[in-house]
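Peer 1: Have a look at this one before I ask anything.
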Amino acid sequence: MDTVVNPETEVSLIDELKRGDSSAFKKAVREYSPGMLAVARFYLDHSSAEEIVQDCWVTVIDAIQKFEGRSGLKTWLHRIVANRCKNKLRSSKREVATDFSENLEPELAERFNATGRWDLPPKLRFDESADTLLENGALSDCLDKHLSALPETQRSALMLYEAHQHKSEDVCNILDVSASNLRVLLHRARQKIFLMVETFQETGEC
Amino acid sequence: MLMCRDLAEIASDYIDGELNVQKNLSVKMHLMMCRDCRSFIGNLRASTELMKAHSSGNPDEELMRRIDERVAEALKSRNAHDSNNE
Ligand SMILES: [Zn+2]
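If you read the sequences in order, they're chains A and B.
Numbering-wise (my numbering), the first sequence opens with residue 1 and increments by one.
Numbering-wise (my numbering), the second sequence opens with residue 1 and increments by one.
Structure below.
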C-alpha cells in the first residue's frame, strides 16, 4: 500500500505521537493498519491477526518514546507486528503438538472400513467457485472460526503456504519444522477445512 | 494396490505435486476407477481455493474503530498516570 505520508509530515506525525496526541494516533491508525494487518496475516488467521494489530497499537503508545527514526515509521511498526506474531507462534507451539505419525484426521480415519475403502464417502460435490461460495457470509465466518481453532502451527503452515504462497523451504524455516512435518501439518489442516465445509454445506451449521 | 484410505493419506502430496512418478501414477489409476476419491480430491482442492480466497482483503472500518477506542483508552489511562506522578 502506498503511503501518503511524506518524510517531513512523518517527522511531525512522530512528534505528535510522542506527545500522545489522540488525533495523530487516529491518523496513524488509518494510515498504517492495513500494512500491519497484511504482515500479521502472513502468520496468523484473520481474527488473531486483527487482535495482534490492535495490541500493537496499544504498545506503540509507550514504545514510540524510544523510536529514534533510524528506520521509517512504517518499517518500525511492521517489525513490531512481525515480532509479536513470531512470539505468539513460538509460545503456542509448545502447547499444541500435532501427531506427526498420523496423516489422517481421526474424524476422517473413521470413515474407512477395514479393507480401506470409504465407509462414509465425501458428501460434497463442489460445483461452485471458491469466490461464489464465499459470497455466503456465514461460510466465511465459519471458515474464520475453524481457522482460529486450528493448532497454531497447522494454521500458520496453511497461511504461509497457501494464502501467501511461500515456498516450502521458507515455511519450514519460519516455523522451524522439517519438510516432512510440514507436509503433515498442511494435510491435517486441509482435512479439517474439508470436514468443516462438508458439514456446513450439508447442514448450514458451523 | 492403493486403497481409498491410502489415497486419503497422501492426498495433499498429490495435489501439491510432491509424489514420485510411481506413486503419482497409482493415485491417477485409482482416481480413474473411484468416484468417491475423485470427489475427495476435488473437495480438498476446493477447500484449498477457499482458503486462498478467504485470506485476501483489507481491514474494515470496524477494526479501525476498535483500534481507535483501545488507543484512546490507553492514552487516557497513561495521561492520568502521568499527571498523578507530577
Ligand atoms: Zn477410492
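Virtual Cβ for every residue (Gly too), placed ideally from N, Cα, C.
As the structure is a prediction and not an experimental result, all values here were calculated from the model.
Determine, using beta carbons only, whether A/Pro122 and B/Asp36 come nearer to each other than 8 Å.
Peer 2: yes
Peer 1: Three or more C-beta pairs closer than 8 Å, one from the region 150-163 of chain A and one from the region 64-82 of chain B: is that the case here?
Peer 2: Below 8 Å, too few C-beta pairs join the region 150-163 of chain A and the region 64-82 of chain B to call them touching: fewer than three.
Peer 1: Less than 8 Å separating the beta-carbons of A/Val29 and A/Cys56?
Peer 2: Inclusion of A/Val29 and A/Cys56 in the CB contact set at 8 Å is not warranted, their separation being larger than that value.
Peer 1: First and last residue of the alpha helix (DSSP H) that includes A/Lys167?
Peer 2: A/Lys167 -> no alpha helix (DSSP H), and no H or E assigned at all.
Peer 1: For A/Arg41, report the span of its alpha helix (DSSP H) as first-last.
Peer 2: Ser22 to Tyr43
Peer 1: Helix or strand or just coil, what does DSSP make of A/Asp2?
Peer 2: Summary for A/Asp2: the model assigns pLDDT 44, below 50, so the residue's position carries little reliability; its value from the coordinates is reported in the next sentence. Here A/Asp2 sits in coil by DSSP.
Peer 1: Quick check on DSSP: helix, strand or coil for A/Phe67?
Peer 2: coil
Peer 1: Determine the closest residue to A/Lys26 out of B/Asp6, B/Leu75 and B/Ala11, with distance taken between C-alpha atoms.
Peer 2: B/Leu75
Peer 1: Using the C-alpha atoms, what's the distance from A/Thr132 back to A/Leu143?
Peer 2: 14 Å
Peer 1: Could you check whether the Cβ of A/Phe42 sits closer than 8 Å to any Cβ belonging to chain B?
Peer 2: no
Peer 1: Applying a beta-carbon distance threshold of less than 8 Å, which residues of chain A neighbour B/Leu63?
Peer 2: The answer, in chain order, is Ser33, Leu37, Glu50, Val53 and Gln54.
Peer 1: Of the residues that make up the region 130-158 of chain A, which ones have a beta carbon closer than 9 Å to any beta carbon in chain B?
Peer 2: Ala130, Asp131, Leu133, Leu134, Leu139, Ser140, Leu143, Asp144, Leu147 and Leu158
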